[in-house]
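S.K.: Okay, here's the structure, questions in a sec.
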Amino acid sequence: MHPPAQESAAWTGHYYLQGVMETGSELLLQADGHFQWYLVVGALDLFAEGRWEAKDGNVVLTAVPSKDVPQPAFETMTLRQEDGRLLPGEPLGRGAYVRPERGGD
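So that you can map any letter, position 25 of the sequence shown is 25 in UniProt numbering, and since no number is skipped, the others follow by simple counting.
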């Protein structure tokens with residue numbers, strides 16, 4: 001599963017979950033097709049890493065067990081692309097992953 005170069009370049013980056021109270025989550029989409037993800041709700045910490053691809057207007061995350069994350073929080077998560085945001089489907093189902101605004105560097 002390798003992201004097409006043009007489509008993946010548009011979506012690579014570091015995202016933060018917005019719109020879900022008392023929840024912290026980040027998603028890192030790397031240009032080489034790998035991702036890292038975490039979600040914290042109260043005392044519950046969930047993690048996943050693996051491969052991602054941009055496909056049919058979605059970003060599809062496919063988790064792979066690893067040394068650091070032997071039991072990923074999900075097998076597959078599909079995020080719908082909308083206005084530069086990534087809207088999660090199951091298992092999360094709410095909020096939006098957004099990239100931080102860049103100030104006048």
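Don't be surprised by glycine CBs; every beta carbon is placed ideally from N, CA and C. Owing to the predicted nature of the structure, the values given are computational and were not obtained by experimental measurement.
Any idea what DSSP makes of residue 31, helix, strand or coil?
M.R.: As a working mapping, residue 31 is identified with position 31 in the sequence shown. For residue 31, the three-state secondary structure derived from DSSP is coil.
S.K.: Spell out the partners DSSP gives residue 123 in its beta bridges.
M.R.: Only positions 1 to 105 of the chain appear in this structure, which leaves residue 123 out of reach.
S.K.: Buried or exposed: residue 64, going by 16 or more other Cβ atoms within 10 Å of its Cβ?
M.R.: Residue numbering aside, residue 64 sits at position 64 when the sequence shown is read from its first letter. So residue 64 counts as exposed.
S.K.: Taking a contact to mean a Cβ-Cβ separation below 7 Å, would you say residue 17 touches residue 95 in this structure?
M.R.: Taking the first residue of the sequence shown as 1, we reach residue 17 at position 17. Taking the first residue of the sequence shown as 1, we reach residue 95 at position 95. Pairing residue 17 with residue 95 gives a Cβ-Cβ distance under 7 Å.
S.K.: Output the distance between the C-alpha atoms of residue 87 and residue 15, rounded to the nearest integer angstrom.
M.R.: The sequence position of residue 87 within the sequence shown is 87, counting from 1. The sequence position of residue 15 within the sequence shown is 15, counting from 1. When rounded, the distance between both Cα atoms is 11 Å.
S.K.: Can you grab the Cα-Cα spacing for the pair residue 119 / residue 47, in whole Å?
M.R.: The structure shown does not extend to residue 119, since the chain is modelled only from 1 to 105, so the question has no answer here.
S.K.: May I ask which residues mark the beginning and end of the beta strand (DSSP E) holding residue 107?
M.R.: This structure cannot speak to residue 107, because the chain is shown only from 1 to 105.
S.K.: What does a CB cutoff of less than 7 Å around residue 69 pick up in its chain, not counting 5 residues either side in sequence?
M.R.: As a first step, residue 69 must be located in the sequence shown, where it is residue number 69. Cβ neighbours of residue 69 beyond the five flanking positions: 47, 48 and 49.
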